[in-house]
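Novice:
There are 2 protein chains.
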Amino acid sequence: MYDSNKNKVDIFAVAKRANVSISTVSRSFNHPELVNPATRKKIERAVRKLGYIRNRAAQTMHGIRSGTIGLVVPTIDHAIFAEVVQAFSDSVDAHGFTIMIASHGYDLEREYAVLRKFLEHRVDPLPLIGEDHSQETYELIERQNIPAVTMWNYSETSRLSCIGADNKMAGVLAAQHLVGLGHRDIGLLFPPTKDNDRARDRRSGVQKILLNAGININPDLDVESTYSIADAKSAALHLLRSPHRPSGILCGNDVLAMGVLYAARSCNLDIPQDLSVVGIGDFKGSSEVEPGLTTVRLPAREIGRLAGNHLSQSITGDLTNEQRVGCDIALIERGTCKPHFGVS
Amino acid sequence: MYDSNKNKVDIFAVAKRANVSISTVSRSFNHPELVNPATRKKIERAVRKLGYIRNRAAQTMHGIRSGTIGLVVPTIDHAIFAEVVQAFSDSVDAHGFTIMIASHGYDLEREYAVLRKFLEHRVDPLPLIGEDHSQETYELIERQNIPAVTMWNYSETSRLSCIGADNKMAGVLAAQHLVGLGHRDIGLLFPPTKDNDRARDRRSGVQKILLNAGININPDLDVESTYSIADAKSAALHLLRSPHRPSGILCGNDVLAMGVLYAARSCNLDIPQDLSVVGIGDFKGSSEVEPGLTTVRLPAREIGRLAGNHLSQSITGDLTNEQRVGCDIALIERGTCKPHFGVS
DNA sequence: AATAGTAATGCAAATGTTTTCATAAAACCT
DNA sequence: AGGTTTTATGAAAACATTTGCATTACTATT
Numbered sequence: 222m223y224d225s226n227k228n229k230v231d232i233f234a235v236a237k238r239a240n241v242s243i244s245t246v247s248r249s250f251n252h253p254e255l256v257n258p259a260t261r262k263k264i265e266r267a268v269r270k271l272g273y274i275r276n277r278a279a280q281t282m283h284g285i286r287s288g289t290i291g292l293v294v295p296t297i298d299h300a301i302f303a304e305v306v307q308a309f310s311d312s313v314d315a316h317g318f319t320i321m322i323a324s325h326g327y328d329l330e331r332e333y334a335v336l337r338k339f340l341e342h343r344v345d346p347l348p349l350i351g352e353d354h355s356q357e358t359y360e361l362i363e364r365q366n367i368p369a370v371t372m373w374n375y376s377e378t379s380r381l382s383c384i385g386a387d388n389k390m391a392g393v394l395a396a397q398h399l400v401g402l403g404h405r406d407i408g409l410l411f412p413p414t415k416d417n418d419r420a421r422d423r424r425s426g427v428q429k430i431l432l433n434a435g436i437n438i439n440p441d442l443d444v445e446s447t448y449s450i451a452d453a454k455s456a457a458l459h460l461l462r463s464p465h466r467p468s469g470i471l472c473g474n475d476v477l478a479m480g481v482l483y484a485a486r487s488c489n490l491d492i493p494q495d496l497s498v499v500g501i502g503d504f505k506g507s508s509e510v511e512p513g514l515t516t517v518r519l520p521a522r523e524i525g526r527l528a529g530n531h532l533s534q535s536i537t538g539d540l541t542n543e544q545r546v547g548c549d550i551a552l553i554e555r556g557t558c559k560p561h562f563g564v565s
Numbered sequence: 222m223y224d225s226n227k228n229k230v231d232i233f234a235v236a237k238r239a240n241v242s243i244s245t246v247s248r249s250f251n252h253p254e255l256v257n258p259a260t261r262k263k264i265e266r267a268v269r270k271l272g273y274i275r276n277r278a279a280q281t282m283h284g285i286r287s288g289t290i291g292l293v294v295p296t297i298d299h300a301i302f303a304e305v306v307q308a309f310s311d312s313v314d315a316h317g318f319t320i321m322i323a324s325h326g327y328d329l330e331r332e333y334a335v336l337r338k339f340l341e342h343r344v345d346p347l348p349l350i351g352e353d354h355s356q357e358t359y360e361l362i363e364r365q366n367i368p369a370v371t372m373w374n375y376s377e378t379s380r381l382s383c384i385g386a387d388n389k390m391a392g393v394l395a396a397q398h399l400v401g402l403g404h405r406d407i408g409l410l411f412p413p414t415k416d417n418d419r420a421r422d423r424r425s426g427v428q429k430i431l432l433n434a435g436i437n438i439n440p441d442l443d444v445e446s447t448y449s450i451a452d453a454k455s456a457a458l459h460l461l462r463s464p465h466r467p468s469g470i471l472c473g474n475d476v477l478a479m480g481v482l483y484a485a486r487s488c489n490l491d492i493p494q495d496l497s498v499v500g501i502g503d504f505k506g507s508s509e510v511e512p513g514l515t516t517v518r519l520p521a522r523e524i525g526r527l528a529g530n531h532l533s534q535s536i537t538g539d540l541t542n543e544q545r546v547g548c549d550i551a552l553i554e555r556g557t558c559k560p561h562f563g564v565s
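Structure (structure tokens):
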């Protein structure tokens, strides 16, 4: 309507309408303090009238930050990463960044492909989930020399900066709790640990504790499930119908624990009377379910927020070298566990 | 390492190494059929050696598609949109697009701001959630003449293309079910309907049915809750402790229904014996919870997939005009409702 | 053998910005 | 009033590509 003739609304159109040069228009966007307030007003008016929108692509070409962040997560499909992603997003939004997101479905080849795609778009930093990445991925990141953080995991020897929790310790805490309550017939419900260091670490934590306590894991009571409530429920059903039903179940995360809760309910088993359950994660809903899920709290929102800040700063240059932040974790006792004094 | 001297790996570096002109390099990326296979090999090799990564920003500047899609959702934080987003993402990934995502927390002003940011990045299309958007937002989209779809809602009179379900009908189905079972003391648990046409439409659907059935809603039994399990649970608790406890509760969506289930459990009310509950959405987990949630199924994955395909095609030009797709919905009877023959 | 057509490539202009440098005008200081 | 600094602006180069046009070298066709 307004831009009737040649509806190409670029910086030239604005300059023309405001009777200034394009340099001035550009400056009025990027260094407003350098341009006369009156001129700025004129430009502002022209921008409004024409509906001009800056072209970040053209900016990016100058080696200027693209203002985008390439976030790659295993999945967006459920609770697990929802909170971190939301917190991360809020945190970087506040700094004016735009998030590109993609999921790889726990396939590290796809992760690499996604990363390349992101790099074509010249994302400023690259946040990842966890420590398990292909060799190619690590090399790509190092070669491009692009700021990267891994979220969700913490390790002193990580190859990249990391902000997260010690997953092995999470496993330890969960197992200690159950063992401390006297349970010895313990079932394990974990996700596949391939390409998933978080799950692997947690598992190794619980194994350590069980070993120390002289409890060995009955292979029949050691089952695997993907991160889906449906899957977890049917895997749990298998556990609960085992001839030697465990008195307690340790779950790789809260989604799986939820599956156990539902499975128990459908078998008319009372929790915690007939079965104790502990999860890891403390997702949304874990405290509301009845009885409230006893779990190890991983501070998802905090991790997301910290990672967001860290990256924003490492881009704007206030921060440069790598960094490892370990967030506190703790066992939250709610209603799914009770002491066990069975024969054994 | 490889690019030792002037570590600026651009198209020139590749051209030099492969002993061809930059035009040829560019062509070999974008129109491979125009370049001699042998040359292509040489270029390919140079690219590998140098670790060259194309710069999409430079491409975008030519008015070529940016290859990005700006997805703006109310929230990424829970189940509600997780499935649509994942399905949408998978669908457009397959076409080589990259998703930019942002959430606005049900604030239409923020939505507008996010949209502008996306447009600065020259996103190709703009998928939104629902029909409620500010006037400014609609004008921006129309003026920029950018393909947009709204997901999750369906209406014959929508201003933009839409792919989704008829939310009013969803409300109707939910209410009809409960009324059909003989319930007359019905509680309502809905989210705030401001800036949320989905919720508003559903509500209007149930109101219509209740009105038809001569049931009027006791204001005490008409409560509001944000989309959070915690909130929903405490709101539901309020309902269940009301002096005139309803025999059935209609929920604006499954997250809220979940809250009701948990609340009932914590009050030692049996579902469906003491209370019937129906949700809307059929999210992940709704079928696994015990008893399984009776709800109106909205095909989230299908909506996401269709919207993704629609946009991918409208970008690549195979498809141009707007379009309205209504997805089938249906009441799924599971275990949270039972007939009611109370005095009334 | 001459001509037309095609395949493969290079040159240079174009894309929409930012920024360095230069210049002009205004303000400040004796 | 003359010189100096400051403020405001513009011209043009730079950014990393794509692409239209021109050129060259082949391959068919008569």
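Read top to bottom, the protein sequences are chains H and B. Numbering (my numbering) for the first sequence: 222 to 565. Numbering (my numbering) for the second sequence: 222 to 565. Positions of the beta carbon are idealized from the N, C-alpha and C atoms, including for glycine. These figures come from a predicted structure and were not determined experimentally.
(1) Taking the runs of the alpha helix (DSSP H) that are 4 residues or longer, which of them lie wholly in the region 499-556 of chain H?
(2) How many angstroms separate the CA atom of H/Lys415 from the CA atom of H/Ser497?
(3) Measuring alpha carbon to alpha carbon, tell me which of H/Tyr273, H/Gln280, H/Gly547, H/Val444 ends up nearest B/Asn276.
(4) In angstroms with no decimal places, state the Cα-to-Cα distance between H/Val293 and H/Glu330.
(5) Establish whether the CB of B/Ser312 and some CB of chain H are separated by less than 8 Å.
(6) Counting only runs of 4+ residues fully inside the region 379-424 of chain B, write out the alpha helix (DSSP H) ranges in chain order.
(7) If you compare alpha carbons, which of H/Ile232, H/Ala420, H/Lys263, H/Val335 is closest to H/Tyr448?
(8) Leaving out five residues on either side along the sequence, give the residues of the same chain with a beta carbon under 7 Å from the beta carbon of B/Arg286.
(9) Following the continuous beta strand (DSSP E) through B/Val444, name the residue where it begins and the one where it ends.
(10) Once the 5 residues before and after H/Asn240 are set aside, which same chain residues still bring their CB inside 8 Å of it?
(11) Three or more C-beta pairs under 8 Å: does that hold for the region 429-449 of chain H against the region 350-370 of chain H?
(12) Ordered along the chain, which non-local residues of its own chain (more than five positions away) have a Cβ less than 7 Å from that of H/Gly235?
(13) Check the C-beta distance from H/Asp549 over to H/Thr516 and give it rounded, since I have them as a contact under 8 Å.
(14) Compute the beta-carbon to beta-carbon distance between B/Thr557 and B/Pro512, rounded to the nearest angstrom, for a pair I have assumed lies under 8 Å.
(15) For B/Val476, report the span of its alpha helix (DSSP H) as first-last.
(16) Per DSSP, what kind of secondary structure is H/Gly291 in: helix, strand or coil?
(17) Would you mind reading off the limits of the beta strand (DSSP E) that contains B/Asn374?
(18) Is B/Asp418 close to the ligand FMN? I mean its beta-carbon at under 7 Å from any heavy atom of the ligand.
(19) Given that a residue counts as buried once 16 or more other Cβ atoms are within 10 Å of its Cβ, and exposed if not, what is B/Glu360?
(20) Closest Cβ-Cβ distance between H/Tyr359 and chain B: below 8 Å?
(21) In chain order, what residues of the same chain have a beta carbon less than 8 Å from the beta carbon of H/Ile290, not counting five sequence neighbours either side?
(22) For the structure I just gave you, are there three or more beta carbon pairs, one from the region 401-414 of chain H and one from the region 460-470 of chain H, closer than 8 Å?
(23) So, at 7 Å on beta carbons, what are the nonlocal neighbours of B/Ala391 in its own chain, with the 5 sequence-adjacent residues on each side left out?
(24) So for B/Gly469, helix, strand or coil by DSSP?
(25) Hey, would you say H/Gln544 sits closer than 8 Å to B/Asp298, going by beta carbons?
(26) Compute the distance between the beta-carbons of H/Pro295 and H/His325, then report whether it is under 8 Å.
(27) Going by beta-carbon coordinates alone, are H/Val256 and B/Tyr483 separated by less than 8 Å?
(28) Tell me the rounded alpha-carbon separation between H/Ala451 and B/Ser507.
(29) Go through its chain and collect everything with a Cβ distance to B/Gly547's Cβ below 8 Å, but skip five positions before and after it.
(30) Tell me whether B/Asn226 is buried or exposed, calling it buried when 16 or more other Cβ atoms sit within 10 Å of its Cβ.
(31) Can you tell which of H/Ala395, H/Met282, H/Glu304 has the C-alpha that lies nearest to the C-alpha of H/Ala478?
(32) Could you confirm whether any beta carbon from chain H is found closer than 8 Å to the beta carbon of B/Gln307?
(33) Identify whether H/Ala234 lies in helix, strand or coil by the three-state DSSP scheme.
(34) Among the residues of its own chain, which have a CB less than 6 Å from the CB of H/Gly403, if the five just before and after it don't count?
(35) Alpha carbons only, please: which of H/Leu552, H/Glu554, H/Leu527 is nearest the one belonging to H/Ala315?
Specialist: On the basis of the supplied data:
(1) 521-537
(2) 27 Å
(3) H/Gln280
(4) 12 Å
(5) no
(6) 388-401
(7) H/Ala420
(8) Asp345, Ile536
(9) 443-445
(10) Lys263
(11) no
(12) First, the residue type needs correcting, since residue 235 of chain H is Val and not Gly in the sequence shown. The answer, listed in chain order, is Val246, Ile264, Ala267, Val268, Leu271, Tyr273.
(13) The pair is not a contact, with the Cβ atoms about 15 Å apart (cut-off 8 Å).
(14) 6 Å
(15) 475-487
(16) strand
(17) 369-374
(18) Of the ligands one can find in the structure shown there are none, so the ligand FMN has no counterpart to examine.
(19) exposed
(20) no
(21) Val313, Phe318, Thr319, Ile320, Met321, Val344, Asp345, Pro346, Leu347, Pro348, Leu532
(22) yes
(23) Arg423, Gly426, Ile501, Val517, Leu519, Ile550
(24) strand
(25) no
(26) yes
(27) no
(28) 10 Å
(29) Tyr375, Gly385, Ala386, Asp387
(30) For B/Asn226, the predicted model reports a pLDDT of 42, less than 50, meaning its position is unreliable and no value from the coordinates is stated.
(31) H/Ala395
(32) yes
(33) helix
(34) Pro560, His561, Phe562
(35) H/Leu527
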